[in-house]
Amino acid sequence: MISAFFINRPVLANVLAIIIVLIGGVALATLPVSQYPNVVPPTVQVTTTYPGASAKVVVDNVALPVELQVNGVEKMIYMQSYSTDAGTYTLTVTFEIGTDLDFAQVLVQNRVSAALASLPMSVQAQGLVVQKKSTSILQIVSLTSPDERYDSLYLSNYATINLVNELSRLPGVGNVNVLGVGQYSMRIWLDPEKLYTFGLTPSDVSRVIQQQSQDVSAGQVGMPPAPKGLDFQYTIDVVGRLSTPEEFGNIIVKTDQGNGGRIVRVRDIGRVELGAQTYAQTSQINGKPNSGLAIYQLPDANALDVAKRVKAKMAELSKNFPPGLAYDVPFDTTRFVNASIKEVFMTLIEAGILVLIVIVLFLQDWRAMLVPATTIPVTIIGAFAAMSALGFTINTTTMFGIVLAIGIVVDDAIVIVEGVAHHIERGMTPHDAAIKAMDELFGPVIGITLVLMSVFLPAAFLPGLTGQMFAQFALVIAATAFISAINAATLKPTQCAMWLRPAVPPEKRNVFFRGFNKVYQKLEDLYASLVGAMVRRAGLMVVVALVAAAIGAWGVARLPTAFIPNEDQGYLMIGVQLPDGASLERTGTTLDEVTRIAMAAPGVENVVSLGGMSVLDSNSALANAAVCYVILKDWDVRLKAEGQD
Numbered sequence: 011m012i013s014a015f016f017i018n019r020p021v022l023a024n025v026l027a028i029i030i031v032l033i034g035g036v037a038l039a040t041l042p043v044s045q046y047p048n049v050v051p052p053t054v055q056v057t058t059t060y061p062g063a064s065a066k067v068v069v070d071n072v073a074l075p076v077e078l079q080v081n082g083v084e085k086m087i088y089m090q091s092y093s094t095d096a097g098t099y100t101l102t103v104t105f106e107i108g109t110d111l112d113f114a115q116v117l118v119q120n121r122v123s124a125a126l127a128s129l130p131m132s133v134q135a136q137g138l139v140v141q142k143k144s145t146s147i148l149q150i151v152s153l154t155s156p157d158e159r160y161d162s163l164y165l166s167n168y169a170t171i172n173l174v175n176e177l178s179r180l181p182g183v184g185n186v187n188v189l190g191v192g193q194y195s196m197r198i199w200l201d202p203e204k205l206y207t208f209g210l211t212p213s214d215v216s217r218v219i220q221q222q223s224q225d226v227s228a229g230q231v232g233m234p235p236a237p238k239g240l241d242f243q244y245t246i247d248v249v250g251r252l253s254t255p256e257e258f259g260n261i262i263v264k265t266d267q268g269n270g271g272r273i274v275r276v277r278d279i280g281r282v283e284l285g286a287q288t289y290a291q292t293s294q295i296n297g298k299p300n301s302g303l304a305i306y307q308l309p310d311a312n313a314l315d316v317a318k319r320v321k322a323k324m325a326e327l328s329k330n331f332p333p334g335l336a337y338d339v340p341f342d343t344t345r346f347v348n349a350s351i352k353e354v355f356m357t358l359i360e361a362g363i364l365v366l367i368v369i370v371l372f373l374q375d376w377r378a379m380l381v382p383a384t385t386i387p388v389t390i391i392g393a394f395a396a397m398s399a400l401g402f403t404i405n406t407t408t409m410f411g412i413v414l415a416i417g418i419v420v421d422d423a424i425v426i427v428e429g430v431a432h433h434i435e436r437g438m439t440p441h442d443a444a445i446k447a448m449d450e451l452f453g454p455v456i457g458i459t460l461v462l463m464s465v466f467l468p469a470a471f472l473p474g475l476t477g478q479m480f481a482q483f484a485l486v487i488a489a490t491a492f493i494s495a496i497n498a499a500t501l502k503p504t505q506c507a508m509w510l511r512p513a514v515p516p517e518k519r520n521v522f523f524r525g526f527n528k529v530y531q532k533l534e535d536l537y538a539s540l541v542g543a544m545v546r547r548a549g550l551m552v553v554v555a556l557v558a559a560a561i562g563a564w565g566v567a568r569l570p571t572a573f574i575p576n577e578d579q580g581y582l583m584i585g586v587q588l589p590d591g592a593s594l595e596r597t598g599t600t601l602d603e604v605t606r607i608a609m610a611a612p613g614v615e616n617v618v619s620l621g622g623m624s625v626l627d628s629n630s631a632l633a634n635a636a637v638c639y640v641i642l643k644d645w646d647v648r649l650k651a652e653g654q655d
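Residue numbers (our numbering): 11 to 655.
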């Protein structure tokens, strides 16, 4: 049989175990790490701007043509869009779980391209951005000026020019958004009365600026064919694209031929200044202006690795910061992921140690303890290879399955050790005892494995989010049980044949084990007498069992239910929503009050405030909305503070 083959070839059995450990170790080092399985439907986002348009104009001229084309794209679940009075348009297309996000982006891009010809020219000039979009922010990098040397506009512009591209190129980073006022732009504030006086409209001014502020090819001097005798050939370089307020102010908008050739320039009908591209959003940290960089990760990326790369890159880039510029990473969701995965690994180690202690207490043979002590890591590490093959991640769900699977692994080991020890006590050699025990136990071990797999595998086929959430849990346990069965047929009997020896008689064991056996014997006698009394009162016990079941059902019916338990993730999100039509200034006043209250609360470390952005509407730009990220102090710090209070 299979076990006898490996018992007679112990080197082969150990090599097989080493191969399992090596494959699992490589998989463990490369598996993505996340808090939960990826159960969020993938999304693709389309964004554009219609300068100067109201929300209704954006809906009629941009939203309708685009959505008529995008609607019905393959594997789409639903789509939602937001149009604002700032002229911004955001369309979020949500696809079925498991859809390839790159393929979905291409499909949406093709549909958007078909709608491009129906859009206003100014929208076409702005362009439509189609990108894969993560649903939540991984990190927020904050740029500040401690000595207040730079304003928020300078900080945002510096981030746009020097940081966005560098961070976007990092492996695993899906998108980088600048939070705040944005980059520098030439702002032209027109005077309506002067426009009326000179018979001009804003579109006239816009058209002239586009015509006169552009780079053109002016040609060459001395380019062949040319007269003979020319020694040089020059390319003409003319000043085309304007860059200063004075240059924009000197643009000629109109020449009045009938009134003495009067020339109307931009400065005659308004003022020109270097300002922000948009004032629709504000960003603060702890009540002080800053510029934020929102980091989004790719769906299949390792969150911890991405966060480490971002921090390392920022440390590198900060060496070139101008004096008076500093950065921080106040918001980092990987703090909780790292802490939770670390706790799960600690639980895994503690569970393994406790299991080994229990085995030593009851088997009272350190050689017998070595068998499960070596097969547990082989099976558990091998489970990571199965996780990699199935496309899973290291998360709280899969790690919980592995912790639970320790009991399955230990059960197989104890059964085999007990079976081999039983035959050794009857006078057989360890080699023959291992073969004899496996002749008896091979069928039951395989049967137990099949039963366990049949119990957990159906959970992998549950529909919807529930199935996606618990499929990894169920399949990890099933895979661990399968690997444990392989070890039970190969490694465990081989180790028993090599390590087990006849047991020491109970009376010759050390003082600790003799004392433990006496206490255990008393408990066993008490339990036996209690069971006997219960059997003699079978009717009463049935009534007690029914009452206990009724109490349990009553309690279950009153327990709250939830898809995912509420957890302290180290931060809070406060959404601020004012009435429709509220100005950004009014929203900012409310946001300042919310920030002040949050900072006064004990246990708060930082407060990142974003005005003009609604977390309730897919982070759309809304003047009457804002959000506060309240970052709490480390869990240990808060626990110590509570203990002191």
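Virtual Cβ for every residue (Gly too), placed ideally from N, Cα, C. Note that this is a predicted model, so its numbers are computed, not measured.
Quiz item: In angstroms, rounded to a whole number, what distance separates the CA positions of residue 53 and residue 485?
Solution: If you number the sequence shown from 1, residue 53 lands on position 43. If you number the sequence shown from 1, residue 485 lands on position 475. Approximately 26 angstroms, taken between the alpha carbons.
Quiz item: Measuring CB to CB, does residue 45 end up less than 8 angstroms from residue 354?
Solution: Locating residue 45 in the sequence shown gives position 35, counting from the first residue. Locating residue 354 in the sequence shown gives position 344, counting from the first residue. Contact flag unset, no.
Exercise. For residue 25, I'd like the list of residues in its chain whose CB is within less than 8 angstroms of its CB, leaving aside the five on either flank, ordered along the chain.
Key: Your numbering for residue 25 matches position 15 in the sequence shown. So no residue of the chain qualifies.
Practice problem: Work out the CA separation of residue 399 and residue 30 for me, nearest whole Å. | Solution: Mapped onto the sequence shown, residue 30 falls at position 20. Mapped onto the sequence shown, residue 399 falls at position 389. Going by the C-alpha atoms only, they are around 13 angstroms apart.
Quiz item: Can you name the residues that DSSP bridges to residue 47?
Solution: On the sequence shown, position 37 is the one that residue 47 refers to. In the DSSP output, where bridge partners are listed per residue, residue 47 has none listed.
Quiz item: Could you check where the alpha helix (DSSP H) with residue 120 kicks off and where it finishes?
Solution: Walking along the sequence shown from the start, residue 120 turns up at place 110. That run of the alpha helix (DSSP H) goes 111 to 125.
Quiz item: When you compare only the Cα positions, how much space is there between residue 292 and residue 363?
Solution: By 1-based counting over the sequence shown, the position of residue 292 is 282. By 1-based counting over the sequence shown, the position of residue 363 is 353. Between residue 292 and residue 363, the C-alpha separation is close to 53 angstroms.
Quiz prompt | Exposure of residue 622, with buried meaning 16 or more beta-carbon neighbours within 10 Å | solution = Translated into the one-based positions of the sequence shown, residue 622 becomes position 612. Under this definition residue 622 is a buried residue.
Self-check item: Nearest candidate by alpha-carbon position, reference residue 60, set 527, 197, 327, 96
Solution: Taking the first residue of the sequence shown as 1, we reach residue 60 at position 50. Nearest C-alpha to residue 60: 96.
Quiz prompt | Terminal residues of the alpha helix (DSSP H) in which residue 320 lies | solution = As a position in the sequence shown, residue 320 is number 310, starting the count at 1. Residue 320 -> alpha helix (DSSP H) spans 313 to 327.
Exercise. Report the residue ranges of all alpha helix (DSSP H) runs contained in full by the stretch 517 to 575; include only those spanning at least 4 residues, in chain order.
Key: 521 to 546, 548 to 568
Quiz item: Quick one: what's got a C-beta closer than 7 angstroms to residue 142's C-beta in the same chain, skipping five residues either side?
Solution: Within the sequence shown, residue 142 is the residue found at index 132, counting from 1. 54, 111, 115, 184, listed in sequence order.
Exercise. Answer with buried or exposed for residue 131, where buried requires no fewer than 16 other C-beta atoms within 10 angstroms of its C-beta.
Key: As a first step, residue 131 is located in the sequence shown; it is residue number 121 there, counting from the start. With fewer than 16 other Cβ atoms within 10 Å, it is exposed.
Practice problem: Can you say whether residue 62 is buried or exposed, counting buried as having 16 or more other CB atoms within 10 angstroms of its CB? | Solution: Taking the first residue of the sequence shown as position 1, residue 62 is located at position 52. Answer is exposed; the Cβ neighbour count stays below 16.
Exercise. Report back the beta-carbon spacing between residue 334 and residue 155 to the nearest angstrom; my notes put them in contact at under 8 angstroms.
Key: The residue given as residue 334 occupies position 324 in the sequence shown. The residue given as residue 155 occupies position 145 in the sequence shown. About 5 angstroms separates the two Cβ atoms, so the contact holds.
Practice problem: Taking residue 56 as part of the beta strand (DSSP E), name the residues at either end of that continuous run. | Solution: By one-based count along the sequence shown, residue 56 stands at place 46. 53 to 59 is the span of the beta strand (DSSP E), which, as asked, contains residue 56.
Exercise. Could you spell out the range, first to last residue, of the alpha helix (DSSP H) harbouring residue 220?
Key: Locating residue 220 in the sequence shown gives position 210, where the first residue counts as 1. Here the alpha helix (DSSP H) through residue 220 covers 212 to 222.
Practice problem: Enumerate in chain order the residues of its own chain whose CB-to-CB distance from residue 88 is below 6 angstroms, with the five nearest sequence positions on each side excluded. | Solution: Counted from its first residue, the sequence shown places residue 88 at position 78. Correct list, in chain order: 104.
Quiz item: So residue 182 and residue 275 are in contact, right, with Cβ under 8 angstroms, and what is the actual spacing, rounded?
Solution: One-based indexing of the sequence shown puts residue 182 at position 172. One-based indexing of the sequence shown puts residue 275 at position 265. Contact flag wrong, Cβ pair sits at about 51 angstroms.
Quiz prompt | residue 340 and residue 607 closer than 8 angstroms at C-beta | solution = Here residue 340 is taken as the residue at index 330 of the sequence shown, counted from 1. Here residue 607 is taken as the residue at index 597 of the sequence shown, counted from 1. Cβ atoms of residue 340 and residue 607: not closer than 8 angstroms.
Self-check item: Assigned exposure category for residue 299 - 16 Cβ within 10 Å defines buried
Solution: If you number the sequence shown from 1, residue 299 lands on position 289. The residue is buried, with at least 16 neighbouring Cβ atoms inside 10 Å.
Quiz prompt | Spatial distance of residue 655 from residue 611 (CA atoms) | solution = Here residue 655 refers to the residue found at position 645 when the sequence shown is read from its first residue. Here residue 611 refers to the residue found at position 601 when the sequence shown is read from its first residue. Residue confidence for residue 655 is low, a pLDDT of 47 falling below 50, so the modelled location carries little weight; the figure read from the coordinates is stated next. Looking at the two C-alpha atoms, the distance is approximately 14 angstroms.
Exercise. Indicate the three-state DSSP secondary structure (helix, strand or coil) for residue 246 in the structure shown.
Key: The sequence position of residue 246 within the sequence shown is 236, counting from 1. Looking at residue 246 - three-state DSSP - the assignment turns out to be coil, as it is neither helix nor strand.
Self-check item: Rounded C-alpha distance that separates residue 516 from residue 435
Solution: Here residue 516 refers to the residue found at position 506 when the sequence shown is read from its first residue. Here residue 435 refers to the residue found at position 425 when the sequence shown is read from its first residue. Going from the Cα of residue 516 to the Cα of residue 435 covers about 13 angstroms.
Quiz item: For residue 261, does the three-state DSSP call read helix, strand or coil?
Solution: The count along the sequence shown starts at 1 and reaches residue 261 at position 251. If DSSP states are grouped into helix, strand and coil, residue 261 belongs with coil.
Quiz item: By Cβ distance, which residues of its chain are closer than 8 angstroms to residue 73, with the 5 residues on each side in sequence left out?
Solution: By 1-based counting over the sequence shown, the position of residue 73 is 63. 91, 93, 99, 101, listed in sequence order.
Quiz item: To which residues of the same chain is residue 33 closer than 6 angstroms at the C-beta, ignoring the five residues directly before and after it?
Solution: Taking the first residue of the sequence shown as 1, we reach residue 33 at position 23. Answer for residue 33: 395, listed in chain order.
Quiz item: Of all the options 344, 106, 204, which has the alpha carbon lying nearest to the alpha carbon of residue 473?
Solution: Here residue 473 refers to the residue found at position 463 of the sequence shown. Cα-wise, what sits closest to residue 473 is 106.
Quiz item: Under the rule that 16 or more other beta-carbon atoms within 10 Å means buried, what is residue 152, buried or exposed?
Solution: Numbered from 1 along the sequence shown, position 142 holds the residue referred to as residue 152. Buried is the call here.
Quiz item: Three-state secondary structure (DSSP) at residue 255?
Solution: Taking the first residue of the sequence shown as 1, we reach residue 255 at position 245. Here residue 255 sits in helix by DSSP.
Exercise. Please classify residue 284: is it buried, with 16 or more other beta-carbons within 10 angstroms of its beta-carbon, or exposed?
Key: Taking the sequence shown and counting its residues from 1, the one referred to as residue 284 is at position 274. It counts as exposed.
Self-check item: Check whether residue 192 and residue 287 have beta carbons under 8 angstroms apart
Solution: In the sequence shown, counting from the first residue as 1, residue 192 sits at position 182. In the sequence shown, counting from the first residue as 1, residue 287 sits at position 277. Yes, these two residues count as a Cβ contact at 8 angstroms.
Quiz prompt | Buried versus exposed call for residue 520 [16 or more other C-beta atoms within 10 Å across all chains shown] | solution = As a first step, residue 520 is located in the sequence shown; it is residue number 510 there, counting from the start. Burial call: exposed.
Quiz item: With a CB to CB cut of under 6 angstroms and the five nearest residues on each side skipped, what residues in its chain are close to residue 204?
Solution: Within the sequence shown, residue 204 is the residue found at index 194, counting from 1. So the qualifying residues of the chain are 279.
Quiz item: Is the stretch 422 to 437 touching the stretch 497 to 517 in the sense that three or more CB pairs, one from each, lie closer than 8 angstroms?
Solution: yes
Practice problem: Quick one: residues in its chain with C-beta nearer than 6 angstroms to the C-beta of residue 229, no 5 flanking neighbours on either side, listed in chain order? | Solution: Residue numbering aside, residue 229 sits at position 219 when the sequence shown is read from its first letter. The residues are 246.
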